[in-house]
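For reference, the structure is listed below as structure tokens.
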Amino acid sequence: MTNILVTGGAGYIGSHACKVLKNAGYTPVTFDNFITGWRDAIKFGPYVEGDLLDRASIDAAFAEYQPVGVMHFAALSQVGESMTQPGTYWQNNVMGSLNLIEATVAAGCKNFVFSSTCATYGEQDNVVLDENCAQLPINAYGASKRAIEDILANFGESHGLNHVIFRYFNVAGADPDGEVGEFHQPETHLVPLMLDASVANVAH
Ligand SMILES: NC(=O)c1ccc[n+]([C@@H]2O[C@H](COP(=O)([O-])OP(=O)(O)OC[C@H]3O[C@@H](n4cnc5c(N)ncnc54)[C@H](O)[C@@H]3O)[C@@H](O)[C@H]2O)c1
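Counting from 6, one number per residue, gives the positions in the sequence shown under our numbering.
Written out as structure tokens, the structure is:
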């Protein structure tokens, strides 16, 4: 079995990634503290209930499952909340990610995929955003994600950690088989809110 450690595997995007990994012949090992995730979204492999702020629980997961790669989706990701509780966002997202990256390197694992965000770009007028645009976040969520990108660049240079970064915009949709879907509480994402609003308008 080739294991991939999936942080946030009980969340929206992570649970879909677990399904794709399983179908591709890997075993996705979810690592999640269920702060916004759902136990019944874990259907495609084993899980470890742990918190990225607890380095020992990450080390234990590496020791037990020996993953060949990490897909890191776990984060707090509400923009508004990040401005009222910036410390929580820097702690959870940056310190949690640093723990994970250090544990990855310590375990000799060389492959890391990171879920960043379009919020690292901030608001730029009259610009078609691409990967080469300046990253000028305007909230603590985006700033915390940009900081993690910097950490990864450093660990890539110093420890040869191969890494890929995704800066998603508005992720939408659900597994066509209906095995997993999107369920954020509260929902703050654009596409489901638009769909809810249009259904509400039809109903009235
Ligand atoms: N959904 C989007 O449109 C979108 C857009 C851009 C970026 N992203 C990024 O993609 C990733 C996944 O987003 P999502 O919509 O699936 O979010 P989600 O809230 O559904 O999933 C996040 C998961 O991480 C877990 N988690 C959070 N902190 C943890 C910690 N300290 N230790 C262990 N587990 C922890 C949560 O319990 C949850 O299961 C996030 O990093 C987010 O910033 C999402």
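Cβ coordinates follow ideal geometry from the N, Cα and C atoms, glycine included.
Straight-line gap, residue 76 to residue 188 (C-alpha atoms, nearest Å): Along the sequence shown, read from residue 1 onward, the residue named residue 76 stands at position 71. Along the sequence shown, read from residue 1 onward, the residue named residue 188 stands at position 183. Rounded to the nearest whole angstrom, the C-alpha separation of residue 76 and residue 188 is 20 Å.
DSSP three-state assignment for residue 70, whether helix, strand or coil: Here the question's residue 70 lines up with position 65 in the sequence shown. Residue state for residue 70 is assigned as helix, using DSSP reduced to three classes.
Contiguous alpha helix (DSSP H) assignments of at least 4 residues, all confined to the stretch 59-112: Taken in chain order, the whole alpha helix (DSSP H) runs of length 4 or more contained in the stretch 59-112 are 60-70, 84-89, 91-94 and 101-111.
Assigned exposure category for residue 142 - 16 Cβ within 10 Å defines buried: The count along the sequence shown starts at 1 and reaches residue 142 at position 137. Residue 142 should be labelled buried.
Where residue 78 falls, given that 16 or more other Cβ within 10 Å makes a residue buried: Along the sequence shown, read from residue 1 onward, the residue named residue 78 stands at position 73. It counts as buried.
Beta-carbon proximity check, residue 18 vs residue 74, cutoff 8 Å: Locating residue 18 in the sequence shown gives position 13, where the first residue counts as 1. Locating residue 74 in the sequence shown gives position 69, where the first residue counts as 1. Contact: no.
Three-pair Cβ contact test at 8 Å for the stretch 110-128 versus the stretch 136-156: Using a C-beta cut-off of 8 Å, the stretch 110-128 makes contact with the stretch 136-156, since at least three inter-stretch Cβ pairs fall below that distance.
Beta-carbon spacing of residue 119, residue 63 below 8 Å: Locating residue 119 in the sequence shown gives position 114, counting from the first residue. Locating residue 63 in the sequence shown gives position 58, counting from the first residue. Against a cut-off of 8 Å, the Cβ pair of residue 63 and residue 119 comes out as no contact.
Proximity winner among 44, 115 and 149, relative to residue 87 (alpha-carbon distances): Taking the first residue of the sequence shown as position 1, residue 87 is located at position 82. Taking each of 44, 115 and 149 in turn and checking the Cα distance to residue 87, the smallest one comes out for 149.
Which residues DSSP lists as bridging residue 117, in chain order: As a working mapping, residue 117 is identified with position 112 in the sequence shown. The partner list for residue 117 (beta bridge, DSSP) reads 75 and 168.
Residue of 40, 16, 104 and 31 minimising C-alpha distance to residue 71: Translated into positions along the sequence shown, residue 71 becomes position 66. Residue nearest to residue 71 within the set 40, 16, 104 and 31 is 31 (criterion: CA-CA distance).
Residue 155 beta carbon near ligand 1 (any heavy atom closer than 7 Å): By one-based count along the sequence shown, residue 155 stands at place 150. Distances taken from the Cβ of residue 155 to the heavy atoms of ligand 1 include none shorter than 7 Å.
Span separating the alpha-carbon of residue 16 from that of residue 132: Position 11 of the sequence shown holds residue 16. Position 127 of the sequence shown holds residue 132. If you take the alpha carbons of residue 16 and residue 132, they lie about 32 Å apart.
Backbone CA spacing between residue 152 and residue 56 [nearest angstrom]: Taking the first residue of the sequence shown as position 1, residue 152 is located at position 147. Taking the first residue of the sequence shown as position 1, residue 56 is located at position 51. Rounded to the nearest whole angstrom, the CA to CA distance from residue 152 to residue 56 is 20 Å.
beta-carbon residue 176 near ligand 1 non-hydrogen atom, thresh 7 Å: Against the sequence shown, residue 176 aligns to sequence position 171. Relative to ligand 1, residue 176 has its C-beta within less than 7 Å of a heavy atom.
Cutoff 6 Å; reference residue 84; Cβ partners in own chain excluding five residues on either side: What you label residue 84 is simply residue 79 of the sequence shown in a count that begins at 1. Once the five neighbours on either side are set aside, the close Cβ partners of residue 84 are 144 and 146.
Chain-order list of residues whose beta-carbon lies under 7 Å from that of residue 194 (same chain, five-residue window excluded): What you label residue 194 is simply residue 189 of the sequence shown in a count that begins at 1. Closer than 7 Å at Cβ, skipping near neighbours: 175.
Nearest residue (CA-CA) to residue 165, options 173, 177, 110 and 66: Within the sequence shown, the letter at position 160 stands for residue 165. For residue 165, the nearest C-alpha among the options comes from 110.
Coarse secondary structure for residue 26, derived from DSSP in three states: Taking the sequence shown and counting its residues from 1, one reaches residue 26 at position 21. Helix.
N- and C-terminal bounds of the beta strand (DSSP E) containing residue 126: For this step, residue 126 is matched to residue 121 along the sequence shown. Unbroken run through residue 126: none, as it is neither H nor E.
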